Amino acid sequence: MLIKEDLQAFVQEKLGDYLFVVVSNRQPYEHVYKKGKIECQRPSGGVITALDPVMQACHGLWIAASSGEADHRVTDRFNKIEVPADSPAYSLKRVWLTKPEVEGYYYGYSNDALWPLCHTAFQRPVFNQEDWQHYTNVNQKFAKAVMDEVGEAKAFIWIQDYHFCLLPKLLKDMAAANQLIIAHFWHIPWPSYEAFRICPQKDEILEGMLANDMIGFHTHYHCNNFIEVVDRQLESKIDRERFSVIRHDHETLIRPYPISVDFEEINRKVQQNDFKNMEGELIEEFHLDNYRLLLGVDRIDYTKGIPERLDAIDRLLEKHPELKEKIIFLQLGVLSRIHIAKYKALNDEINALVEKINWKHSTDGWSPVIFIRGNISSAKLQLLYRMAQVCIVSALHDGMNLVAKEFVSAHYDEDGVLVLSQFAGSARELAEAVLINPYDSEQFSDSIYQALTMPEEERRKRMVKMRQTVHENNIYRWAGKFISGLLKIEFKEQEVAV
Ligand code: GDG
Numbered sequence: 000m001l002i003k004e005d006l007q008a009f010v011q012e013k014l015g016d017y018l019f020v021v022v023s024n025r026q027p028y029e030h031v032y033k034k035g036k037i038e039c040q041r042p043s044g045g046v047i048t049a050l051d052p053v054m055q056a057c058h059g060l061w062i063a064a065s066s067g068e069a070d071h072r073v074t075d076r077f078n079k080i081e082v083p084a085d086s087p088a089y090s091l092k093r094v095w096l097t098k099p100e101v102e103g104y105y106y107g108y109s110n111d112a113l114w115p116l117c118h119t120a121f122q123r124p125v126f127n128q129e130d131w132q133h134y135t136n137v138n139q140k141f142a143k144a145v146m147d148e149v150g151e152a153k154a155f156i157w158i159q160d161y162h163f164c165l166l167p168k169l170l171k172d173m174a175a176a177n178q179l180i181i182a183h184f185w186h187i188p189w190p191s192y193e194a195f196r197i198c199p200q201k202d203e204i205l206e207g208m209l210a211n212d213m214i215g216f217h218t219h220y221h222c223n224n225f226i227e228v229v230d231r232q233l234e235s236k237i238d239r240e241r242f243s244v245i246r247h248d249h250e251t252l253i254r255p256y257p258i259s260v261d262f263e264e265i266n267r268k269v270q271q272n273d274f275k276n277m278e279g280e281l282i283e284e285f286h287l288d289n290y291r292l293l294l295g296v297d298r299i300d301y302t303k304g305i306p307e308r309l310d311a312i313d314r315l316l317e318k319h320p321e322l323k324e325k326i327i328f329l330q331l332g333v334l335s336r337i338h339i340a341k342y343k344a345l346n347d348e349i350n351a352l353v354e355k356i357n358w359k360h361s362t363d364g365w366s367p368v369i370f371i372r373g374n375i376s377s378a379k380l381q382l383l384y385r386m387a388q389v390c391i392v393s394a395l396h397d398g399m400n401l402v403a404k405e406f407v408s409a410h411y412d413e414d415g416v417l418v419l420s421q422f423a424g425s426a427r428e429l430a431e432a433v434l435i436n437p438y439d440s441e442q443f444s445d446s447i448y449q450a451l452t453m454p455e456e457e458r459r460k461r462m463v464k465m466r467q468t469v470h471e472n473n474i475y476r477w478a479g480k481f482i483s484g485l486l487k488i489e490f491k492e493q494e495v496a497v
């Protein structure tokens, strides 16, 4: 196991005088006005949750788009601020985007074209030329922001996700030869050739990405899809032994690095006394009383299978009315990408479903579903994970899904059952979960019943195994492996055993 301090020492020793720069769309901290005062808050989302502890350990520079209305009030003349405020550990540089840029690059090309293209959730991607133009411009804007910081220094640039397919090539074109080592982590699935080939900008996207020295995906399956797409779409050489693509004499390594969470931190925090005191408050706030708690936690996104989950709860109560007044299903949902029509429609669909199920099954003083919309504090969230006897992750398609790993990390009592979609990347590692097909409502509801009636011994056996897996493969190990993959390129070292 690698812990925060090990990663810190490893990076300091190995990166030497290289600048360490992370680039992502979403920033880890945003500043907003609350009751006339400036407040700092943490946006929710998998990339932020995963990368913030890594950056706190590595003390690098994180470049991301501004998202809070008070962001500009707290940054210096280089658009930078040290974060987190209570114990500054790294620099955050904000890039300012205009409204049309956010519309076209973020809501448009990134989330209405690439997101549905890469997820098998049967949503048609929308390819719009104007969105693509904004996407290109914003990638150029970020390239300039990176080079303004890097100057002529040598740097490792670690790009995050599907918002920046063009950035690697733009950076390599702007920098001196061998100045930059660039790696890209793709947090979502990579589709098959059949799915990808409908994309009108496929060549530009692949050209952009093949300027990377390394591209990481969560699973081998996504790596294979990427290699197959390149093989069939572009003139290039595939080195099956080195698992790399060579185009115009440049090699890009393709590697699986399953992302994870800060197991130690979550496990430690939920055992603290102030957490225990908060339990009573949560029971009161969410009316949990003596019910058995089933929990769902998601950004409200059509890939997360929230309506399918509600259908399964409905079916469960139809088949097992004896569970009435015994269970509560608490769904936490952070609104996301609400400007996109599909997301608004999903939100309306979820509202209607919750109302229907509660109307159908409720009794005097008891309703089966509580739906909380909005971002709750990570302390409350971690405690709810610990309090939940069953956590339901029913993504229709998900690169990894950190919620599954957070639930496991919080259960220091070694009890609790994870009901997990077989279409989430995390199902490859967490094989002891009760695996479901979210499209199969009968099997799904039976699996929730299985989770609720599972004998204690079996619950513990499965939970202990899953906790070992997440403990061993925590977020620091993920980062350590990724960085050692990078160092191999520069220093031709053996991949460091971390
Ligand atoms: C992408 C990929 C991949 C949620 N509600 C609240 C809250 N959250 C946090 C969770 C978790 C994160 O948001 C969601 O992470 P996921 O992994 O489930 O999903 P995506 O945002 O879609 O992330 C995904 C990930 O990137 C990393 O590579 O796993 O497959 O789609 O950490 O805890 N956090 C707080 N309050 C909330 O109300 N504080």
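Residue numbers (numbering that gives the first Met the number 0): 0 to 497. Glycine included, each C-beta is placed from N, C-alpha and C at the ideal position. Treat the numbers as computed from the prediction; the structure is a model and nothing was measured.
Could you pull out every residue in the same chain whose Cβ sits closer than 7 Å to the Cβ of residue 338, ignoring the five residues on either side in sequence? The residues 106, in chain order, have a CB closer than 7 Å to that of residue 338 in the same chain once the five nearest residues on each side in sequence are set aside.
Are residue 315 and residue 447 touching if we call contact CB-CB under 9 Å? Using a Cβ distance threshold of 9 Å, residue 315 and residue 447 count as a contacting pair.
Once DSSP output is grouped into helix, strand and coil, what is the label at residue 367? coil
Can you tell me which of 428, 5, 443 puts its alpha carbon nearest to the alpha carbon of residue 219? Here the closest residue by C-alpha is 428.
Should residue 49 be counted as a contact of ligand 1 given a C-beta to heavy atom distance under 8 Å? yes
Which of the three DSSP states, helix, strand or coil, is assigned to residue 199? coil
Taking the alpha carbon of residue 286 as the reference point, which residue from 369, 80, 344, 141 has its own alpha carbon closest? 369
Under three-state DSSP, which class holds residue 53? helix
Nearest-angstrom Cα distance between residue 478 and residue 262? 14 Å
Quick one: which unbroken beta strand (DSSP E) runs of 3-plus residues sit fully inside the segment 109-169? Chain order, please. 154-159
Residue 442 to residue 24, Cα distance in whole Å? 38 Å
Beta-carbon gap between residue 420 and residue 436 smaller than 9 Å: Closer than 9 Å, so yes.
Sort 208, 229, 73, 452 by Cα distance to residue 418 and report the nearest one. 452
Who are the near neighbours of residue 468 in its chain, counting only those whose CB is closer than 6 Å to its CB and skipping five residues on each side? 428
Assuming the contact rule is C-beta atoms closer than 8 Å, residue 73 and residue 30 should be a hit. Round their C-beta distance to whole Å, please. 5 Å
Of the residues 180, 462, 352, the one placed nearest residue 19, counting alpha carbons only: 180
Does the beta-carbon of residue 302 have 16 or more other beta-carbons within 10 angstroms, so that it is buried, or is it exposed? Residue 302 comes out buried.
Please report the straight-line C-alpha distance between residue 474 and residue 407, rounded to a whole angstrom. 14 Å
Below 8 Å, is the gap between the Cβ of residue 401 and the nearest heavy atom of ligand 1? Yes - ligand 1 has a heavy atom lying nearer than 8 Å to the Cβ of residue 401.
To test your reading of the DSSP string, which unbroken alpha helix (DSSP H) runs of 4 or more residues are found completely within the segment 271-341? 272-284, 305-318
Please report how far the alpha carbon of residue 163 lies from the alpha carbon of residue 289, in whole angstroms. 48 Å
Sort out for me which residues DSSP pairs residue 417 with in a bridge. 390
Do you know offhand how far residue 166's Cα is from residue 139's? 7 Å
Below 8 Å on the Cβ atoms is my guess for residue 26 versus residue 64; work out the distance and round it to an integer in Å. 7 Å
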